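Start counting the sequence shown at 397; every next residue gets the next number (our numbering). From the three backbone atoms N, C-alpha and C, an ideal C-beta is built for every residue, glycine too. Here the structure is a predicted model, which is why all the values come from computation and not from measurement. Contents: one structure, followed by commentary.
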Amino acid sequence: MVRALASHQCVPGSIPGPGVIFGMSLLLVLVLPPRVFLRVLRFSSLPKNQHFQIPIRSGIRGPRVCQFQSRYSYYYYYENFCVNTKKSGEYYSLLISKKAKLPNAITFLHRDFNLSERGLELVFLLPHKVALEPYVRAFQYKVLNRILNTNKKLHKIGFIPHQDCTFCKSESETLTHLLYHCSFSIAFWRDFEVYWLLVKNEQIHQTLEEIMVGIIKRLCPLFNYFLLTAKIYLWDGKRNQTFPSIYGFRTKIEVKYETEAYIAQKSKKIGLQTKWANCFL
Numbered sequence: 397m398v399r400a401l402a403s404h405q406c407v408p409g410s411i412p413g414p415g416v417i418f419g420m421s422l423l424l425v426l427v428l429p430p431r432v433f434l435r436v437l438r439f440s441s442l443p444k445n446q447h448f449q450i451p452i453r454s455g456i457r458g459p460r461v462c463q464f465q466s467r468y469s470y471y472y473y474y475e476n477f478c479v480n481t482k483k484s485g486e487y488y489s490l491l492i493s494k495k496a497k498l499p500n501a502i503t504f505l506h507r508d509f510n511l512s513e514r515g516l517e518l519v520f521l522l523p524h525k526v527a528l529e530p531y532v533r534a535f536q537y538k539v540l541n542r543i544l545n546t547n548k549k550l551h552k553i554g555f556i557p558h559q560d561c562t563f564c565k566s567e568s569e570t571l572t573h574l575l576y577h578c579s580f581s582i583a584f585w586r587d588f589e590v591y592w593l594l595v596k597n598e599q600i601h602q603t604l605e606e607i608m609v610g611i612i613k614r615l616c617p618l619f620n621y622f623l624l625t626a627k628i629y630l631w632d633g634k635r636n637q638t639f640p641s642i643y644g645f646r647t648k649i650e651v652k653y654e655t656e657a658y659i660a661q662k663s664k665k666i667g668l669q670t671k672w673a674n675c676f677l
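Structure, rendered in C-alpha cells:
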C-alpha cells in the first residue's frame, strides 16, 4: 500500500483523487499514535519528485511537519524523528543522537578543571575504554556526576548527625576532600606514586584533576585504570570504616591482574595482555 501511494503519479497543479486521499488518511491513522492527529492535509507536486506536507499537531509539543520526498521511499515524521521505513537503523542512530547528551555535571567540570567540549567527551568515554568491570565504570560516572553520598550530603538530609570526614574527623567530607585533600588520602597517594614507580618505572605526581577525571591528554590506559581502582579502594575504606593502606591496594591490583590474565588466556584477546605489558607485579 505504501509503495502504491508513493508511486502515484501527480500532474503539477492537479488535485489528487479521493482514492489517494482516503488511502493516505487510512495509512496515517494506522501509523500515528492516537494522541497525534492531523489538522490539515495539503498536497503539492514538483517534477520527478512528489512532495506533500502534513502539518501534525501534538497535544503536548505543538505542531509537527511531515514531509515525504521520493517516489520510491516513504517517510513519516513523528516527535522530531524522520524515519525511512526501509532503513530502520537510521532511525535508531537519529534517536540516540537526540538522547546522547552530556549531563548537567559538565558545568562543575568545566568550572573546576577548565575542560573543553572535546575534553568533556573524552572524560566520559574514558571509563569505558580502560575498565572491563561494569561497577568500575559506574563508579567513575558517579564521581563525574557527583552523586556519591558523602557525609556532607548525608548530614544535609538528616541521615547522620555530623558531616566530618570518615578518616581525619577534622573537616567536612566532600568528594574532593575524601579523594584528595584528606591527610589520609594524601599519604595514600604518596605511597601510590612509589608503587607505580616500582610497577612501571615511571615517576609521577597526581593532581586533583587527574585523580577526579583521569588523564586524557595522552594515552595511558593502565595508569587510568589504577586511578579508578584506587578511588574505589578509598571509597570502600570509607564505607567499611577502615583506613587506606597501599598494601591493601596492592592486593586488590594483583587480584585484578590475575583475573584479567585468566580472561585473556581463555578468550585469547591480545588487548588484555598488552594492557598489563611491562608490569612488575
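| Where the alpha helix (DSSP H) containing Tyr658 begins and where it ends | It spans 642-663 - the alpha helix (DSSP H) in which Tyr658 sits, taken as one unbroken run.
| Name the DSSP beta bridge partners of Arg560, please? | For clarity, residue 560 is Asp in the given sequence; the question names Arg instead. Looking at the DSSP assignment, Asp560 forms a beta bridge with Ser568.
| message | Considering only their Cβ atoms, is the gap separating Glu589 from Ile582 smaller than 8 angstroms? | response | Going by C-beta atoms, Ile582 is not nearer than 8 angstroms to Glu589.
| request: Decide if Lys627 is buried, meaning its Cβ has at least 16 other Cβ atoms within 10 Å, or exposed. | output: In the assembly as shown, Lys627 is a buried residue. Its beta-carbon has 16 or more other beta-carbons within 10 Å.
| message | Using only the alpha-carbon positions, how far apart do Lys664 and Tyr653 sit? | response | Taking C-alpha positions only, Lys664 is separated from Tyr653 by approximately 15 angstroms.
| request: Take Asn541 and list the residues in its own chain whose beta-carbon comes closer than 7 angstroms to its own, dropping the five residues that flank it on each side. | output: Contacts found: Pro499, Ala501.
| query | Short check: CB of Tyr629 to CB of Phe639, under 8 angstroms? | reply | Contact: no.
| If we count the other Cβ atoms within 10 Å of its Cβ and call it buried at 16 or more, is Phe584 buried or exposed? | By the Cβ-count criterion, Phe584 is buried, with 16 or more other Cβ atoms from all chains shown falling within 10 Å of its own Cβ.
| Quick one: is Tyr537 near chain C, going by C-beta distance under 8 angstroms? | This model lacks chain C altogether; it includes just one protein chain.
| query | What residue from Phe580, Phe563, Thr572 has the CA that sits closest to Asp508's CA? | reply | Nearest to Asp508 by C-alpha distance, out of Phe580, Phe563, Thr572, is Thr572.
| task | Please confirm if the stretch 556-568 is in contact with the stretch 531-547, defined as three or more CB-CB distances below 8 angstroms between the two stretches. | result | Short answer: they touch.
| Integer Cβ distance of Leu528 from Val519, believed to fall under 8 angstroms | With 8 angstroms as the limit, Leu528 and Val519 do not qualify as a contact, their Cβ atoms being about 19 angstroms apart.
| field | Where Glu529 sits in the DSSP three-state scheme | value | In the structure shown, Glu529 sits in coil (DSSP, three-state: anything other than H, G, I, E or B).
| query | Is it buried or exposed for Glu569, if we count other Cβ within 10 angstroms and need 16 for buried? | reply | Result: buried.
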